[in-house]
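Asker:
Number of protein chains: 4
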Amino acid sequence: MTRVGVVGASGLAGGELIRLITQHPDLELTFLGGSSNIGRRPAELHPGLRLDLGLTVQPVTEEIAGQVDAVLLATPAPVSAELAALLADRVPAVLDLSGAFRIRTPELHDRWYPDVKRRTDLADRFVYGVPELVGDQMADAALISLPGCYATSMTLALAPLTLGLGLNLKTVVVDGKSGSSGGGLHLRTADLHPLRNGAIAPYAPVGHRHAAEVGDFLERGKRGGVGRLSMSAYGVSHVRGLLTSSYVFTDESVDQRELQRAYLRFYKDHRFVRVRRNTETLIPVPDPQAVLGSNYCDVTVMHDEDGERIVVLAALDNLVKGAAGQAVQALNIRFGLPEETGLTMQPVMPA
Amino acid sequence: MTRVGVVGASGLAGGELIRLITQHPDLELTFLGGSSNIGRRPAELHPGLRLDLGLTVQPVTEEIAGQVDAVLLATPAPVSAELAALLADRVPAVLDLSGAFRIRTPELHDRWYPDVKRRTDLADRFVYGVPELVGDQMADAALISLPGCYATSMTLALAPLTLGLGLNLKTVVVDGKSGSSGGGLHLRTADLHPLRNGAIAPYAPVGHRHAAEVGDFLERGKRGGVGRLSMSAYGVSHVRGLLTSSYVFTDESVDQRELQRAYLRFYKDHRFVRVRRNTETLIPVPDPQAVLGSNYCDVTVMHDEDGERIVVLAALDNLVKGAAGQAVQALNIRFGLPEETGLTMQPVMPA
Amino acid sequence: MTRVGVVGASGLAGGELIRLITQHPDLELTFLGGSSNIGRRPAELHPGLRLDLGLTVQPVTEEIAGQVDAVLLATPAPVSAELAALLADRVPAVLDLSGAFRIRTPELHDRWYPDVKRRTDLADRFVYGVPELVGDQMADAALISLPGCYATSMTLALAPLTLGLGLNLKTVVVDGKSGSSGGGLHLRTADLHPLRNGAIAPYAPVGHRHAAEVGDFLERGKRGGVGRLSMSAYGVSHVRGLLTSSYVFTDESVDQRELQRAYLRFYKDHRFVRVRRNTETLIPVPDPQAVLGSNYCDVTVMHDEDGERIVVLAALDNLVKGAAGQAVQALNIRFGLPEETGLTMQPVMPA
Amino acid sequence: MTRVGVVGASGLAGGELIRLITQHPDLELTFLGGSSNIGRRPAELHPGLRLDLGLTVQPVTEEIAGQVDAVLLATPAPVSAELAALLADRVPAVLDLSGAFRIRTPELHDRWYPDVKRRTDLADRFVYGVPELVGDQMADAALISLPGCYATSMTLALAPLTLGLGLNLKTVVVDGKSGSSGGGLHLRTADLHPLRNGAIAPYAPVGHRHAAEVGDFLERGKRGGVGRLSMSAYGVSHVRGLLTSSYVFTDESVDQRELQRAYLRFYKDHRFVRVRRNTETLIPVPDPQAVLGSNYCDVTVMHDEDGERIVVLAALDNLVKGAAGQAVQALNIRFGLPEETGLTMQPVMPA
């Protein structure tokens, strides 16, 4: 059994990590950390999880080194930056779910995360990316940075074009739509149910930092490339799950059949990515409700004759494949377990 | 491996059975039956379940006897009545999720299910009830009838009073609130999203047959008893999960402390019933969102000084503990597996 | 034009008052009061109301006497108790939407509102009730206390039984279901969208003070009477509108036909109460979505043979007939206008 | 009083027309037409509208000419094409809410509406467009075609750029998000509440015909122009209201300040278009919940430095400004009434 600590245990991603780890056959939850709710049990903080784990939330000190083989940081980026410095080289594996170490290029990091001071030497050691693309690097990494929920979706949507087909994407316009759990449980008036329900909230119509994260990552990739990449993000009226729509303009010629084949080929060894046709089932897909609670990302690619563009849709559960599930997937790879261990639950639908 | 067939594979309960059986370590899905959608694969009918099981929906004939050790009927009551007659004595175990065999008393059955003609000899052989109460009878039953979703909730709420404390419940008023999945996927205008969303729909303000089912069952129980039992049912604006509120008037004296103890004692060996205090966590419980996707039923009992009454709230996922999960629980018992096998998934919350 | 001031202008009821008063042909909004958001314009506080009224939120002093003919207090009960003392006898009409003056019996008030110290002489002068029942007293009242949202619904549901038919109601069990706007816009974790959406939240399973308010009021009424009256309240997954279900047990004999007639007769001169049959339209009614945005209260009465009980359902928009609309209705009566002036908007459905 | 007939009285737009016309001071509803539900009263078809108008749904014949001054067609496009031929020159004003006469260019019409055969001479006589842009032509038009809900939003979003600033828009990518009422009340499995709630449904990821409609219209406009215009449409988890996001690429230089000024100037005489800043109120705007039930269209324009693009967001209530309200607005203009008559209701929010 690999002993795992979760820090940021009170938050939504923290709760989801507890859910997944306690269901996992080869992981044992041995530490719960946080800066608030010290001394409280998970059941008080996560209404669904009435588990008696014998654990309460504790402050993080370097002494946890003896209790864990891996630590998952589901903390705000500034906290992750500090904790990574504390725990690196003391704990065999540190996996960070925040934005602290996602953008490698220093100037880009400073622009999008001006409040996050991180050690440069640490930043250089982090392996960042979706396990489908950088799994081999994760296998022996001491420090792993997981992509943001939107970034995971966008990367899985665009990688088959740039890395698979080697296309140069001149202009990419991403429209992201997310449920309210993407924003966490912060006390903001606009997030109260009366104002958030029924909303289409343009909360980041320009300047979402996940676009920078994806651009920075794809730039480092070998083939094709991405020119102008912009993103807008909206909150819509459900809780869990997101969809990104990537509208892609390229000067290169490619048709529907080639696209479909390329996506199937690119993901043929990756069970968590399901390449689907828009009309293959009762409801149009991809739709995040069809992946709810699971680690799947559903992807659909279409060539739009009228718009002379490629449309790539990708849906995932922001708390699973977009956060906790992907972290466990990385942890599996890091500790030599089959990638899907403990992550084989099917979507709960309808919900 | 126990070989299982699911009939009514296109419906919501059918889909949920497929989800649970394919995740179950000791069950193998070997047959999918139905009267519509013949030849279609599960993935076409259940958008979340993109599984390649090598099965398509087939008509049910007596020849399935060779392919299965157990059949689960997630069919309308009239169809279940027919199929039970066909399959009884041909298949080792037939479990029916419909109302066809729930009410034992013939006059009561005929009143509440006038359209369901069933063989009396068959009806007498069915073991009916929640596994927590009749598990020992299920262990060697060839025919099992599972309670309705509301009935499961009401039975688990009231049994500790009548069977545990032996109270005589003079008047019980049940108010049931359910999400839209309780109504299945039938093409009715009132169930279209624009008319169903935001609704509090009094769809069965009087005369819900689950009340008759529970009354009939509790009458056969040994201690205490239930006098006047009435129920009203409402559709509220979410998809999955229900809550029943049982308002109980009794002439016998009992206080909050005795009630709480009695419930804890009654369910101490039953992991799927979680006896909870209303304010024990972040949100008031029981709330069906805290059991979503799981086989739990959360129960809270309160003595209301002002109203001179007992209030018992019970929440469950109508498609899991109220249908497919409970059926798998019964199947486990029937085939000698630990009751919780394949049902240990934690709730997916928030969702 | 009657000049009106609204205090508590930042809240949901305050916003609804602004909406209704600015649409009203005979009322002029001349003052906006509050203790927070001083200096802010309505458009900043109420996203839908982008109105240029030339008003900003101001503290309330006795000097507003010169600016208004009536003041509407949409403030918390303790604040209303203070402001009523300040404004009574200085402003021709003070209408309070809070609970400060709803319960007349002093001991009952102190029990249910221990934190609300009110002047007894003032309390005795307030006219309390729904305009349908106490409109004649409102016509020349200087001080008016409007019922709570649930209390309005329960009173309109029960009055035809006690005051109309003169029945003695031995036991009344009320189950109230409300959208999230009933709780206002307070920063509570349980009211954040991720935790409140999809919920059936038993937030007041025992001891809701609206029951005390209704009991106190009906006790003062002349005929019939109410014995044991208890209430439980639930938050369900929409924003606006509530339904109360009153389950009534009486020893007196009455059938469906008498009940229906009695309700039609009782409300024949009251256009805002619509007596409806459960199945008269596309969806089961009463359903609060069918009164959304309007001042209607839809009422359905049924005799339940099985339960030997009467079931009365009443639905209203908690921010209109349950708050701001009812206050404007009272204001109309107070200032000699036809009761429905400015309140003739039809429901916005579906929404 | 102008006598008005509504055809397609059973549908959602039909119901909304009834709501608005019965609240209108200068319009009288004198005819309700349809092909189904003959003989039924509006209250049976529209649960919120319990009105006694003395009207039932009737088949449309040329004899209605004597009963109405104007007819509003809220019918499917093929039906509108037929009825327009029947009623033109018999009724002083025919206003069509369908797509039958929206696209003027014959080849484009035939491509996007292959099932709609219309008389060419009639098509040429229709005035099409949003009243803000073609109001002067509507003033004496006998035949008026109202834009689709998305098209209204897109046109109001883009016109200040092309017609106001005279920009040439090289590439426009539109992402439209709509509630479920946009799809009407058709019995489709995917529109049942269990499958539609919680969804982000990519129902028209490529090839939405509203894009063709807007392109055709803007082409006929005088200044600037639109190059490549493509659209994708999604159903999100609420009922009423839509948002379009127009991502615009142009080679011409323009900054945030110029854009904001241009939009304010362009709409300064048009009260139904509210030019708003994204962060001006409690929630990010434009958000359709802030226009619910009203005839407003909220518009926000932003220059995105990173993406070298212009982002224009426009939100409206698809049943009001996107259908019935806009039709009444056109009717007002046609009959010489102030444009806003009967349309001054403020948004119902939160709902």
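Residue numbers (the UniProt record's numbering), protein chains in the order written: chain E, 1 to 351; chain Z, 1 to 351; chain B, 1 to 351; chain H, 1 to 351. A virtual CB, placed ideally from N, CA and C, is assigned to each residue, including glycine. Fair warning: this is a prediction, and the values are worked out from it, not measured in the lab.
Using the Cα positions of residue 316(Z) and residue 298(Z), report the straight-line distance between them to the nearest angstrom.
Answerer: In the second sequence, the residue the question calls residue 316(Z) occupies position 316. In the second sequence, the residue the question calls residue 298(Z) occupies position 298. So the two alpha carbons sit approximately 7 Å from each other.
Asker: Since residue 239(Z) and residue 193(H) are thought to touch, with beta carbons under 8 Å apart, how far apart are those beta carbons, to the nearest angstrom?
Answerer: Taking the first residue of the second sequence as 1, we reach residue 239(Z) at position 239. Taking the first residue of the fourth sequence as 1, we reach residue 193(H) at position 193. Their Cβ separation, rounded to whole angstroms, is 7 Å, which keeps residue 239(Z) and residue 193(H) in contact under 8 Å.
Asker: Apply the 10 Å Cβ neighbour rule to residue 54(H) and answer buried if 16 or more other Cβ atoms are within range, or exposed otherwise.
Answerer: Taking the first residue of the fourth sequence as 1, we reach residue 54(H) at position 54. With fewer than 16 other Cβ atoms within 10 Å, it is exposed.
Asker: With a 10 Å radius around its C-beta and 16 neighbouring C-beta atoms as the bar for buried, classify residue 224(H) as buried or exposed.
Answerer: For the purposes of this step, residue 224(H) is taken as residue 224 along the fourth sequence, with counting starting at 1. Buried, because 16 or more other Cβ atoms sit within 10 Å of the Cβ of residue 224(H).
Asker: Tell whether a beta-carbon distance below 7 Å holds between residue 267(H) and residue 309(H).
Answerer: As a position in the fourth sequence, residue 267(H) is number 267, starting the count at 1. As a position in the fourth sequence, residue 309(H) is number 309, starting the count at 1. Against a cut-off of 7 Å, the Cβ pair of residue 309(H) and residue 267(H) comes out as no contact.
Asker: Among 25(B), 11(B), 114(B) and 5(B), which has the Cα closest to the Cα of residue 94(B)?
Answerer: Along the third sequence, one-based indexing puts residue 94(B) at 94. It is 5(B) whose Cα lies nearest to the Cα of residue 94(B).
Asker: Does DSSP classify residue 168(H) as helix, strand or coil?
Answerer: Working through the fourth sequence from its first residue, we reach residue 168(H) at position 168. Looking at residue 168(H) - three-state DSSP - the assignment turns out to be strand.
Asker: What does residue 118(B) touch in chain H if you count any residue whose Cβ is under 7 Å from its own?
Answerer: Numbered from its first residue, the third sequence carries residue 118(B) at position 118. By Cβ distance, chain H contributes nothing, its closest Cβ being about 30 Å from residue 118(B), past 7 Å.
Asker: Using three-state DSSP, classify residue 154(H) as helix, strand or coil.
Answerer: As a position in the fourth sequence, residue 154(H) is number 154, starting the count at 1. Residue 154(H) falls in the helix class under three-state DSSP.
Asker: Taking DSSP as the reference, what is the three-state secondary structure of residue 343(B)?
Answerer: Along the third sequence, read from residue 1 onward, the residue named residue 343(B) stands at position 343. It is coil, neither helix nor strand.
Asker: Which partner residues does residue 234(H) have in the DSSP bridge list?
Answerer: Here the question's residue 234(H) lines up with position 234 in the fourth sequence. In the DSSP output, where bridge partners are listed per residue, residue 234(H) has 177(H).
Asker: Nearest-angstrom Cα distance between residue 60(Z) and residue 120(Z)?
Answerer: Sequence index remark: in the second sequence, residue 60(Z) carries index 60 (1-based). Sequence index remark: in the second sequence, residue 120(Z) carries index 120 (1-based). Distance between the alpha carbons of residue 60(Z) and residue 120(Z): 22 Å.
Asker: Could you please give the first and the last residue of the uninterrupted beta strand (DSSP E) stretch that includes residue 283(Z)?
Answerer: Within the second sequence, the letter at position 283 stands for residue 283(Z). Here residue 283(Z) belongs to no beta strand (DSSP E), and DSSP marks it neither H nor E.
Asker: Less than 7 Å between CB atoms is the rule here; does residue 193(B) satisfy it with respect to chain E?
Answerer: Translated into the one-based positions of the third sequence, residue 193(B) becomes position 193. Yes, residue 193(B) counts as interfacial toward chain E.
Asker: Of all Cβ atoms in chain Z, is any one closer than 7 Å to the Cβ of residue 338(E)?
Answerer: Against the first sequence, residue 338(E) aligns to sequence position 338. So no, residue 338(E) is outside the interface.
Asker: How would you label residue 1(H), buried or exposed, when you count the other beta carbons within 10 angstroms and need 16 or more for buried?
Answerer: For this step, residue 1(H) is matched to residue 1 along the fourth sequence. That one is exposed.
Asker: If distances are taken between C-alpha atoms only, which option among 24(Z), 167(Z), 45(Z) and 23(Z) comes closest to residue 9(Z)?
Answerer: The residue you call residue 9(Z) lines up with position 9 of the second sequence. Answer by Cα proximity: 45(Z).
Asker: Rounding to the nearest angstrom, what Cα-Cα distance links residue 302(E) and residue 334(H) in this structure?
Answerer: As a first step, residue 302(E) must be located in the first sequence, where it is residue number 302. As a first step, residue 334(H) must be located in the fourth sequence, where it is residue number 334. Between residue 302(E) and residue 334(H), the C-alpha separation is close to 44 Å.
Asker: Here's the rule: buried if 16 or more other CB atoms are within 10 angstroms of the residue's CB, otherwise exposed. What is residue 36(B)?
Answerer: By 1-based counting over the third sequence, the position of residue 36(B) is 36. It counts as exposed.
Asker: For residue 349(H), which residues from the same chain have a beta carbon less than 7 Å from its beta carbon, with the 5 sequence-adjacent residues on both sides left out?
Answerer: Translated into positions along the fourth sequence, residue 349(H) becomes position 349. Taken in chain order, the residues that qualify are 289, 290 and 292.
Asker: Could you tell me which chain Z residues have their CB closer than 8 Å to the CB of residue 239(H), listed as they occur along the chain?
Answerer: Looking up residue 239(H) in the fourth sequence gives position 239. Result: 193, 194, 197 and 198.
Asker: Since residue 217(B) and residue 155(B) should fall inside the 8 Å C-beta cutoff, what is the C-beta to C-beta distance between them, to a whole number of angstroms?
Answerer: Taking the first residue of the third sequence as position 1, residue 217(B) is located at position 217. Taking the first residue of the third sequence as position 1, residue 155(B) is located at position 155. Yes, they are in contact, since the Cβ atoms of residue 217(B) and residue 155(B) sit about 7 Å apart, within 8 Å.
Asker: So which residues of chain E does residue 282(H) contact, with C-beta pairs closer than 8 Å?
Answerer: For the purposes of this step, residue 282(H) is identified with residue 282 of the fourth sequence, where counting begins at 1. Near residue 282(H) (Cβ distances below 8 Å), the residues of chain E are 189, 190 and 195.
Asker: So, residue 229(Z) versus residue 215(Z), is the Cβ gap smaller than 7 Å?
Answerer: As a first step, residue 229(Z) is located in the second sequence; it is residue number 229 there, counting from the start. As a first step, residue 215(Z) is located in the second sequence; it is residue number 215 there, counting from the start. Yes, the pair counts as a contact, with Cβ atoms nearer than the cut-off.
Asker: What is the residue span of the beta strand (DSSP E) that residue 202(Z) lies within?
Answerer: The residue labelled residue 202(Z) in the question sits at position 202 within the second sequence. Element bounds for residue 202(Z): 201-204.
Asker: Quickly, what does DSSP pair residue 244(Z) with across the bridge? List them, please.
Answerer: Within the second sequence, residue 244(Z) is the residue found at index 244, counting from 1. Residue 244(Z) pairs with 176(Z) and 314(Z).
Asker: So with CB distances below 9 Å, who are the chain H contacts of residue 291(B)?
Answerer: The residue given as residue 291(B) occupies position 291 in the third sequence. Residues of chain H passing the Cβ test: 48.
Asker: Roughly how many angstroms separate the alpha carbons of residue 126(Z) and residue 140(Z), rounded to a whole number?
Answerer: As a working mapping, residue 126(Z) is identified with position 126 in the second sequence. As a working mapping, residue 140(Z) is identified with position 140 in the second sequence. Residue 126(Z) and residue 140(Z): Cα-Cα distance of roughly 11 Å.
Asker: Name the two residues that bound the continuous alpha helix (DSSP H) containing residue 352(Z).
Answerer: The requested residue 352(Z) is not part of the displayed model; chain Z covers only 1 to 351.
Asker: Span of the beta strand (DSSP E) holding residue 31(Z)?
Answerer: Indexing the second sequence from 1 puts residue 31(Z) at position 31. 27-33 is the extent of the beta strand (DSSP E) around residue 31(Z).
Asker: Check whether the Cβ of residue 230(Z) lies closer than 7 Å to any Cβ atom in chain H.
Answerer: In the second sequence, the residue the question calls residue 230(Z) occupies position 230. No - not a single Cβ of chain H is within 7 Å of the one on residue 230(Z).
Asker: Report the three-state DSSP secondary structure of residue 249(E) (helix, strand or coil).
Answerer: Taking the first residue of the first sequence as 1, we reach residue 249(E) at position 249. Strand.
Asker: What does DSSP give as the partner residues of residue 303(B) in its beta bridges?
Answerer: Mapped onto the third sequence, residue 303(B) falls at position 303. The partner list for residue 303(B) (beta bridge, DSSP) reads 310(B).
Asker: Roughly how many whole angstroms lie between the Cα atoms of residue 227(H) and residue 197(H)?
Answerer: Along the fourth sequence, one-based indexing puts residue 227(H) at 227. Along the fourth sequence, one-based indexing puts residue 197(H) at 197. Cα-Cα distance, rounded: 36 Å.
Asker: Does any CB atom of chain Z fall closer than 7 Å to the CB of residue 180(H)?
Answerer: Stepping through the fourth sequence from its first residue, residue 180(H) is reached at position 180. Chain Z contact via Cβ: present.
Asker: List the residues of chain B whose Cβ lies closer than 8 Å to the Cβ of residue 23(H), in chain order.
Answerer: Position 23 of the fourth sequence, counting from 1, holds the residue named residue 23(H). Chain B residues near residue 23(H): 344, 345 and 346.
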